[in-house]
Amino acid sequence: MTKAGSDIDTRPSGAKRPYIDRVSAKELDDWFAKRGYPAYRRRQLASWLERQVTETRHMTDLPLALRTELEADFRFDHLEILRRQESADGETVKYLVALDERHQVETVSLRYRHGHSVCVSSQSGCRMGCTFCASSRRGFGRDLRAAEMLAQLRLAAEDRGERVSHVVLMGIGEPFDNYEETLDFIRRANAPEGFGIGARHITVSTVGLVPEIRRFANEGLAANLAVSLHAADDTVRRRLLPVARRYSLDELMAACRYYLTKTSRRLSYEYALFQNVNDQPAAADELASLLRGQRCHVNLIPANPVPGSDLTPSDPKRIERFRQRLEERHITVTVRRSLGGDIEAACGQLRRDAGS
Ligand code: SAH
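The numbering of the sequence shown is the working numbering, which starts it at 1230 and goes up by one.
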């Protein structure tokens, strides 16, 4: 089954053309042979595809006529930057990217002393409906293809003139709601012939989809997993994350323990702090006892304001108190540095279009 819009061909010919990276080598050989192109042309195309490039504008060694012919028979990706915003300190750049005529996403590039980290969107819009996150506001558009996620890395690397060293799947969308393409993306970003980004430098964040956490545990990947917890109490969690009505904390914790046992890795929990909702001392105690004995790390997120939400971000004093209380209870905890707030590029502020 295809999801809304993902398979609609909006290009003029209207015919269903296969995506270039899904075409078999044999078919491509035949295509080139039939048109009388020399074999090296076929090899040039293959070399782009091996390097995970599926946009013709990058295939500069192919003559324009050949590119046009290819485009008539196959589908290529066409990511285009519609808007570029840079934070005052120059560290963060946010791109509004068009995937096709109807769908857009945002991608964030964070460049600092120790590397270049790209926050990748996995879906245009989101189905999870988290009350404090702008990405859900306008509903769901479509899933991204792995190639479109890779293209986000490429455009950030190109624009910033620096190779991507870290990837976080924390942009728009729920990566595990687009599981196959997300996994394909991670493998290709990691592949030495692709971007060669170490698996340990790739982090996927999930709202807490239980079956997919278990599935991910079985993939044998060394990528990091972050789980959006935001509350250690089912009632509070359901208020913040509608998905918590589908999976209780008991079920979620069982899946997380499975992941820890299966992978021998560490797990990150994300916890955004909202005043008097999930930031009380008792909430810290509850969180500490929920996670007791787990090989994990808690990442506290100073909540970012999202217009239209009735939740108030916790003030810095309360964040510090919460952090201390967890630490006293022997939980490894850090507070996430918020970047790009002035261009609405921080957690929960990304949208699927330029509107409000
Ligand atoms: N769908 C994935 C990725 C979301 S973005 C997930 O749910 O994990 C990464 C993190 O930002 C998530 O933990 C998300 O809950 C958090 N986030 C969303 N809106 C936020 C906001 N307004 N303030 C702080 N964090 C927010």
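A virtual CB, placed ideally from N, CA and C, is assigned to each residue, including glycine.
*So is the beta-carbon of V1347 under 8 Å away from any non-hydrogen atom of the ligand SAH?*
Counted from its first residue, the sequence shown places residue 1347 at position 118. Flag unset: Cβ of V1347 not near the ligand SAH.
*Distance cut-off 8 Å: Q1578 Cβ against heavy atoms of the ligand SAH*: Position 349 of the sequence shown holds residue 1578. It does: the Cβ of Q1578 is within 8 Å (strictly closer) of some heavy atom of the ligand SAH.
*Cβ-heavy atom distance between C1355 and the ligand SAH below 8 Å?*
For this step, residue 1355 is matched to residue 126 along the sequence shown. True, at least one ligand heavy atom lies under 8 Å from that Cβ.
*Under 9 Å between the Cβ atoms of D1615 and M1357?*
Residue 1615 is absent from the structure shown; the chain starts at 1230 and stops at 1585.
*Could you pull out every residue in the same chain whose Cβ sits closer than 6 Å to the Cβ of R1313, ignoring the five residues on either side in sequence?*
Here the question's residue 1313 lines up with position 84 in the sequence shown. Excluding positions up to five away in sequence, the list reads Y1324.
*asked:* Tell me whether the stretch 1382-1400 and the stretch 1561-1573 touch, counting them as touching only if at least three CB pairs, one residue from each stretch, are closer than 8 Å.
replied: The way I'd put it, the stretch 1382-1400 doesn't touch the stretch 1561-1573; fewer than three beta-carbon pairs between them come closer than 8 Å.
_Contact under 9 Å by Cβ, S1351 with E1409_ = Within the sequence shown, the letter at position 122 stands for residue 1351. Within the sequence shown, the letter at position 180 stands for residue 1409. Against a cut-off of 9 Å, the Cβ pair of E1409 and S1351 comes out as no contact.
*In the DSSP assignment, what are the bridge partners of I1431?*
Counting from one through the sequence shown, the residue named residue 1431 turns up at place 202. Residue pairing by DSSP places I1431 opposite V1396 in a beta bridge.
*Which stretch, first to last residue, makes up the alpha helix (DSSP H) that contains Q1273?*
Taking the sequence shown and counting its residues from 1, the one referred to as residue 1273 is at position 44. Taken as a continuous stretch (DSSP letters only), the alpha helix (DSSP H) holding Q1273 covers A1268 to E1279.
_Taking CB distances under 9 Å as the criterion, tell me whether T1297 reaches chain C._
Going by chain labels, chain C is absent from the structure shown, which holds only one protein chain.
*Considering S1365, what are the terminal residues of the beta strand (DSSP E) in which it resides?*
The residue given as residue 1365 occupies position 136 in the sequence shown. Segment: none, S1365 is in no beta strand (DSSP E) and carries neither H nor E.
*Find out if the Cβ-Cβ distance for the pair A1473, C1576 is shorter than 9 Å.*
For the purposes of this step, residue 1473 is taken as residue 244 along the sequence shown, with counting starting at 1. For the purposes of this step, residue 1576 is taken as residue 347 along the sequence shown, with counting starting at 1. Going by C-beta atoms, A1473 is not nearer than 9 Å to C1576.
*Which ranges does the beta strand (DSSP E) cover as unbroken runs of at least 3 residues, wholly within the stretch 1314-1340, from first to last along the chain?*
DSSP runs (the beta strand (DSSP E)) wholly in the stretch 1314-1340: 1321-1327.
*Which residues in the same chain as P1247 place their Cβ atom closer than 8 Å to its Cβ, once the five residues preceding and following it in sequence are excluded?*
Taking the sequence shown and counting its residues from 1, one reaches residue 1247 at position 18. The residues are F1303 and R1304.
*If you draw a straight line from the C-alpha of A1583 to the C-alpha of A1327, how long is it?*
Translated into the one-based positions of the sequence shown, residue 1583 becomes position 354. Translated into the one-based positions of the sequence shown, residue 1327 becomes position 98. Spanning the two alpha carbons is a distance of roughly 11 Å.
*asked:* Can you check which of these residues, L1438, L1339, G1265 and H1459, is closest to E1315 by C-alpha distance?
replied: The count along the sequence shown starts at 1 and reaches residue 1315 at position 86. Considering only alpha carbons, the answer is L1339.
_For L1373 and K1245, the rounded distance between their alpha carbons_ = Position 16 of the sequence shown, counting from 1, holds the residue named residue 1245. Position 144 of the sequence shown, counting from 1, holds the residue named residue 1373. Linking K1245 to L1373 through their CA atoms gives a straight-line distance of about 18 Å.
*Measuring from the CB of C1485, is there a heavy atom of the ligand SAH at a distance below 8 Å?*
Against the sequence shown, residue 1485 aligns to sequence position 256. No, the beta carbon of C1485 sits no closer than 8 Å to any heavy atom of the ligand SAH.
*asked:* So the candidates are F1369, P1404 and A1428; which of them puts its Cα closest to the Cα of S1394?
replied: For the purposes of this step, residue 1394 is taken as residue 165 along the sequence shown, with counting starting at 1. Checking every option, the nearest Cα to that of S1394 belongs to A1428.
*Leaving aside the five residues before and after Q1504 along the sequence, list all residues of the same chain whose C-beta is less than 6 Å from its C-beta, in chain order.*
As a first step, residue 1504 is located in the sequence shown; it is residue number 275 there, counting from the start. Within the same chain, Q1504 has close Cβ partners T1541 and S1543.
*asked:* Counting beta carbon pairs with one atom in the stretch 1480-1493 and one in the stretch 1435-1447, are three or more of them shorter than 8 Å?
replied: With a cut-off of 8 Å, the stretch 1480-1493 and the stretch 1435-1447 count as touching, because enough Cβ pairs lie within range.
*Scan the stretch 1470-1533 and note each continuous alpha helix (DSSP H) run of 4 residues or more that stays entirely inside, going in chain order.*
Every alpha helix (DSSP H) stretch that sits fully inside the stretch 1470-1533 and reaches 4 residues is listed by chain position as 1478-1492 and 1510-1520.
*Give the DSSP-derived three-state secondary structure of Q1381 in the structure shown.*
Position 152 of the sequence shown, counted from the start, is the residue given in the question as residue 1381. Residue state for Q1381 is assigned as helix, using DSSP reduced to three classes.
_Any heavy atom of the ligand SAH closer than 8 Å to the beta-carbon of P1534?_
Counting from 1 along the sequence shown, the entry for residue 1534 is found at position 305. For P1534, the shortest C-beta to heavy atom distance toward the ligand SAH is below 8 Å.
_Host beta strand (DSSP E) of T1297 (start-end)_ = Along the sequence shown, read from residue 1 onward, the residue named residue 1297 stands at position 68. Under the DSSP assignment, T1297 falls outside any beta strand (DSSP E), being part of the alpha helix (DSSP H) whose first and last residues are L1293 to D1302.
_Restricting to Cα atoms, I'd like to know which of A1418, P1267, R1467 and E1300 is closest to M1378._
Within the sequence shown, numbered from 1, the residue matching residue 1378 stands at position 149. It is A1418 whose Cα lies nearest to the Cα of M1378.
*If you draw a straight line from the alpha carbon of F1361 to that of T1285, how long is it in whole angstroms?*
For the purposes of this step, residue 1361 is identified with residue 132 of the sequence shown, where counting begins at 1. For the purposes of this step, residue 1285 is identified with residue 56 of the sequence shown, where counting begins at 1. Each residue's CA atom was taken as its position, placing F1361 and T1285 some 38 Å apart.
*Starting from the Cα of A1275, find the closest Cα among T1289, H1287, L1257 and K1263 and give me that residue.*
As a first step, residue 1275 must be located in the sequence shown, where it is residue number 46. Checking every option, the nearest Cα to that of A1275 belongs to L1257.
*E1320 versus E1300, H1343 and H1332, residue with shortest Cα-Cα distance*: Indexing the sequence shown from 1 puts residue 1320 at position 91. Of the listed residues, the one whose Cα sits closest to E1320 is H1343.
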